[in-house]
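Asker:
In this note's numbering, the protein residues as written are 1038 to 1359.
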């Protein structure tokens, strides 16, 4: 009981602190990212950290706690104080997918976290390395059949992830033996793609977009119900005959359970404010995001619906939780 009272007192103090005006000692808010520097999620976090400093009156920093597809960062969030000092910027994999693919992930999103706010959705895509001669999805499949005798390896940023399941389905539906090669984040996967150590990769558009624009890799297909505004020339998998991947993943901020509502509301309002700024929206859109604010409640609903969709897909694939 004493610990609960102490936690509530600390939370109230944090709420009052963060809702004040000028502060003698500027507080520090840490945004954890579950992947190494250099990837799409890291770039997104750094844009938001920079912009959130002013409306929150705080020093906002990014901490990369890479490992196990964001699992380590999620576990760290569970253990963090519920005073608003630590947040987790995550996409679907760490929050929605890991609890479906691991018997004991070390956290339960419904019990251990509270959604703060969502700020974007994005799509995953299949990208071809520059040294691979294929220029389209159909050409890539034909190249695997001819060059690899029906076998191929495709990089993915994390094991037992949406990209890995997508690789499996692409192979199954086209009669190919495609094996996913899991990496510890998108940055090392991209390094191998740029070095032509691996012929293709499946990951988020934010991970691929800069190198796609530079002509170093080629995005040839994306998930979603419609083509992306920043990639109007790239067809969806559904257009190419691979239906079932229309539900797109999300990005959001999460806090430890019992974080005071006043703190959550202040953070949500600050996030809504900064992503409405034209320069912030432009920077995030350039990274491959569809930007839009979701309240904590809306983000929670989005996460639960997404997890249900992928629970069915993962079950149908025959995958067994590790």
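Quick reminder that beta carbons are idealized off the backbone N, C-alpha and C, glycines included.
Residues bridged to residue 1152 by DSSP?
Answerer: DSSP output for residue 1152 lists 1291 as bridge partner(s).
Asker: Could you tell me whether the stretch 1142–1155 touches the stretch 1172–1179, where touching means 3 or more Cβ pairs closer than 8 Å?
Answerer: No: the two stretches stay apart, fewer than three of their Cβ pairs being nearer than 8 Å.
Asker: If you draw a straight line from the C-alpha of residue 1102 to the C-alpha of residue 1188, how long is it?
Answerer: Residue 1102 and residue 1188: Cα-Cα distance of roughly 34 Å.
Asker: Whole angstroms is fine: what's the gap from residue 1307's alpha carbon to residue 1318's?
Answerer: Taking the straight line joining both Cα atoms gives about 14 Å.
Asker: Compute the Euclidean distance between the alpha carbons of residue 1086 and residue 1355, then round it to the nearest angstrom.
Answerer: So the alpha carbons of these two residues sit roughly 40 Å apart.
Asker: Taking contact to mean at least 3 C-beta pairs separated by less than 8 Å, is the stretch 1334–1350 in contact with the stretch 1090–1097?
Answerer: With a cut-off of 8 Å, the stretch 1090–1097 and the stretch 1334–1350 do not count as touching, because too few Cβ pairs lie within range.
Asker: Can you tell me whether DSSP reads residue 1207 as helix, strand or coil?
Answerer: The answer is helix: DSSP assigns residue 1207 an H, G or I state.
Asker: Pick helix, strand or coil for residue 1277, following the three-state DSSP scheme.
Answerer: Correct three-state label for residue 1277: coil.
Asker: Under the rule that 16 or more other beta-carbon atoms within 10 Å means buried, what is residue 1320, buried or exposed?
Answerer: Looking at its Cβ environment, which holds 16 or more other Cβ atoms inside 10 Å, residue 1320 is buried.
Asker: On the three-state DSSP scale, how would you describe residue 1198?
Answerer: Coil at residue 1198, not helix or strand.
Asker: In the DSSP assignment, find the alpha helix (DSSP H) that holds residue 1249 and state where it starts and stops.
Answerer: Note, residue 1249: alpha helix (DSSP H), 1242–1250.
Asker: Hey, how far is the Cα of residue 1277 from the Cα of residue 1089?
Answerer: Those two C-alpha atoms are separated by around 40 Å.
Asker: Can you check the stretch 1059–1086 for any alpha helix (DSSP H) of at least 4 residues that lies completely inside it and give the ranges in chain order?
Answerer: Segments of the alpha helix (DSSP H) lying fully in the stretch 1059–1086: there are none.
Asker: What are the boundary residues of the alpha helix (DSSP H) that residue 1312 is part of?
Answerer: Unbroken alpha helix (DSSP H) run through residue 1312: 1298–1312.
Asker: What does a CB cutoff of less than 8 Å around residue 1231 pick up in its chain, not counting 5 residues either side in sequence?
Answerer: Counting only Cβ-Cβ distances below 8 Å, and skipping sequence neighbours, we find 1166, 1167, 1248, 1253, 1254.
Asker: Is the CB-CB distance between residue 1289 and residue 1198 below 8 Å?
Answerer: No, the Cβ-Cβ distance between residue 1289 and residue 1198 is not below 8 Å.
Asker: Could you tell me which of 1121, 1164, 1241 sits nearest to residue 1079, measuring between CA atoms?
Answerer: Here the closest residue by C-alpha is 1241.
Asker: Please state whether DSSP places residue 1349 in a helix, a strand or coil.
Answerer: If DSSP states are grouped into helix, strand and coil, residue 1349 belongs with the helices.
Asker: According to DSSP, is residue 1229 part of a helix, a strand, or is it coil?
Answerer: Three-state result, residue 1229: helix.
Asker: With a CB to CB cut of under 6 Å and the five nearest residues on each side skipped, what residues in its chain are close to residue 1131?
Answerer: 1071, 1107, 1111, listed in sequence order.
Asker: Taking the straight line between their C-alpha atoms, what separation do you get for residue 1350 and residue 1064?
Answerer: Looking at the two C-alpha atoms, the distance is approximately 43 Å.
Asker: Residue range of the beta strand (DSSP E) that residue 1219 falls in?
Answerer: Counting along the chain, the beta strand (DSSP E) containing residue 1219 begins and ends at 1214–1219.
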